[in-house]
Amino acid sequence: MNRSIGIHDIEIGTTHHVVDLADLAVARGVDPDKFRIGLGQDQMSFPAPDEDIVTMGAAAARALLARTGADGVRTLLFATESGIDQSKSAAVFAHGLLGLGADVRAVELKQACYAGTAALQMALGIVARNPAEHVLIIAADVARYALDSAGEPTQGAASVAMLVSADPALLEIDPVSGVFTADVDDFWRPNDSSTALVDGKLSMSAYIDALLGAWDDLQARGGVTAADIAAFAYHQPFTKMAAKAQRRLAAHLGAELADDDLVAMSTYNRRLGNSYTASLYVALAALIDARADLDGRRVGLFSYGSGSVGELLTARVLPQGGREDRSARVSRMLDARAPLPIAEYERLHALSYPSGTDTETPRTTTGPFRFAGIRGGARQYEHIG
Ligand code: HMG
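Residues 794 to 1178 (the numbering used here) are what the sequence shown spells out, left to right.
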């Protein structure tokens, strides 16, 4: 008999700081409504000097494992676009901080924002082969564009930790998905650049092409039809993109798709900004946290990573408790961020820690782990609580 496999639990993390996009609009001489309404964004999380994808990702994973325990976890997959080393994976740093056993394998995955979904597919395969195993996925990113560029208000930072298992409590993933891959230069980040290069308009059309292509592939492979999907969650580089996507998908299907899921799914992303690999799963958490009526029903999940790969998964939301707890936790975490004045944000945006110089970072984060600096060319991390 086929066991049900999917996401057993999910947790969100973010940074110490937040930038208010109304302040950024004033500093850039732009109408604040362009960011608030035109892009659908209110704020963007921004890392302190002693935070990065590892500290954010490990913090979310620690909170998740405090509920689930680590028994059965044999694999840690770390998905990110903003990797901190060309060779050693962020997964191995997180493995150390989390105190996982030497018998837990650890690896990093990359394909822009899509890598979180690649990790999920890999996890589903591992659990299908041995249903006694659990897979811990961390998806974490700091989205960074040049100051005063069109992409600047679509920066952000967040992490998601997910436990994938047989007989999950949260979400049962359907076996058939739709995939669309195309070689496009819409967004990329060269090895010598800390900010992404992007052709904004091309990226939006490449996203839509991938959505419709993945949908057609899902149908061609006998996947779930539109009539069976109660709501969608999308990768959200900015939340207005999801509204555009839903409109284009509805036109493609020749069907009405209700807009109430768009508001629900955007609540966390509006305040975090783009979190690349984590973005879709932040949207998924927001959707199921807000909509108890989805229990027992199917959702569609669209993952997009520039370059480009898109995938449309479908999943059944399992009747669950605890949604109010997560929603309250996320609200508290977002409210607790320290506001960054624009001049200080610009100073931190320019900050870098080259590997050739030993440095210590200033103590700022209030999270459980910190990036302490560089010693002998290697990144150093610490537990602080
Ligand atoms: P822009 O130059 O700000 O675009 O760049 P715009 O001038 O077209 O304005 C944006 C919207 O604001 C428009 O709405 C305007 O009408 C509206 P639309 O016509 O699109 O519905 N607007 C206003 N609304 C209310 N009041 C006003 C006002 N003024 C204007 N006063 C762009 C926008 C998204 C291109 C830019 O921010 C960018 O380059 N962002 C980065 C790239 C990106 O996010 N691409 C999305 C798809 S690719 C993707 O999702 C992958 C990614 O996450 C990376 C990965 O895979 O790792 C990025």
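We put the CB at the ideal spot given by N, CA and C, even for glycine.
Everything numeric in this text was worked out from a predicted model, so none of it was measured.
In this structure, the straight-line span from the alpha carbon of Ser875 to that of Asn984 is close to 11 Å. Taken atom to atom, the span from the alpha-carbon of Thr1159 to that of Ala932 is near 20 Å. The shortest CA-to-CA distance from Ser1124 to any of Val1102, Leu1106, Ala1083, Gly1089 is the one to Ala1083. Taking all protein chains shown into account, Pro1132 has fewer than 16 neighbouring C-beta atoms within 10 Å of its C-beta and is therefore exposed.
Between the region 795-813 and the region 959-966 there are three or more C-beta pairs closer than 8 Å, enough to call the two in contact.
Distance check between Arg1119 and each of Asn1067, Thr1154, Arg860 places Arg860 closest, using alpha-carbon atoms only.
Secondary structure of Ala933 (DSSP, three-state): strand. For Glu901, the secondary structure class from DSSP, reduced to helix, strand or coil, is strand.
Nearest to Phe1031 by alpha-carbon distance, out of Ser998, Tyr1069, Trp1008, is Tyr1069. The criterion of a C-beta distance shorter than 8 Å is not satisfied by Leu870 and Ser970.
In this structure, the C-beta of Pro983 stays at least 7 Å away from each heavy atom of ligand 1. Glu1104 has its Cβ no nearer than 7 Å to any heavy atom of ligand 1. Inter-residue distance for Val1092 and Arg1064 is about 23 Å (C-alpha atoms, whole angstroms). Shortest gap from the CB of Tyr1069 to any heavy atom of ligand 1: under 7 Å. Annotation: the continuous beta strand (DSSP E) that includes Leu956 extends over 949-959. Two segments are said to touch when three or more pairs of C-beta atoms, one from each, lie closer than 8 Å; by this definition the region 839-851 does not touch the region 899-915. In the structure shown, Gly1103 adopts extended strand secondary structure according to DSSP, grouped into three states.
Between Ala1003 and Tyr1097 the beta-carbon gap is near 5 Å, inside 8 Å, which marks them as a contact. Counting C-beta pairs with one atom in each stretch, the region 930-944 and the region 871-890 have three or more that are closer than 8 Å, which means they touch.
Pairing Gly894 with Ala852 gives a Cβ-Cβ distance that is not under 8 Å. The region 1000-1075 contains, as complete beta strand (DSSP E) runs of 3+ residues, the segments 1022-1027 (chain order). Bridge pairing for Arg1168: Ala1171 [DSSP]. Judged by DSSP secondary structure, Val1123 falls within the alpha helix (DSSP H) whose first and last residues are 1116-1129. Within a 10 Å sphere around the beta-carbon of Gln948 sit 16 or more other beta-carbons, which makes this residue buried.
Taking 8 Å as the cut-off, the Cβ atoms of Asp941 and Arg829 do not count as close.
Residue Tyr1027 holds the alpha-carbon nearest to the alpha-carbon of Thr1107 among Arg1116, Val885, Ala943, Tyr1027.
Within a 10 Å sphere around the beta-carbon of Arg1140 sit fewer than 16 other beta-carbons, which makes this residue exposed. Following the DSSP letters along the chain, one finds Phe839 inside the beta strand (DSSP E) bounded by residues 836-839. DSSP places Val866 in the strand class (E or B) of the three-state scheme. Under a 10 Å Cβ-count criterion, His1176 is classified as exposed, with fewer than 16 other Cβ atoms of the shown protein chains found around its own Cβ. Per the Cβ contact rule, the region 1168-1175 is in contact with the region 1136-1154 (3 or more Cβ pairs under 8 Å). When Cβ pairs closer than 8 Å are counted between the two stretches, the region 914-932 is seen not to touch the region 1038-1050, the count staying below three.
Contact check for Phe1164 and Asp845: beta-carbon distance about 5 Å, within the 8 Å limit, so the pair qualifies. Spanning the alpha carbons of Phe980 and Gln1039 requires a straight line of approximately 22 Å. Distances between the C-beta of Ile805 and the heavy atoms of ligand 1 are all 7 Å or more.
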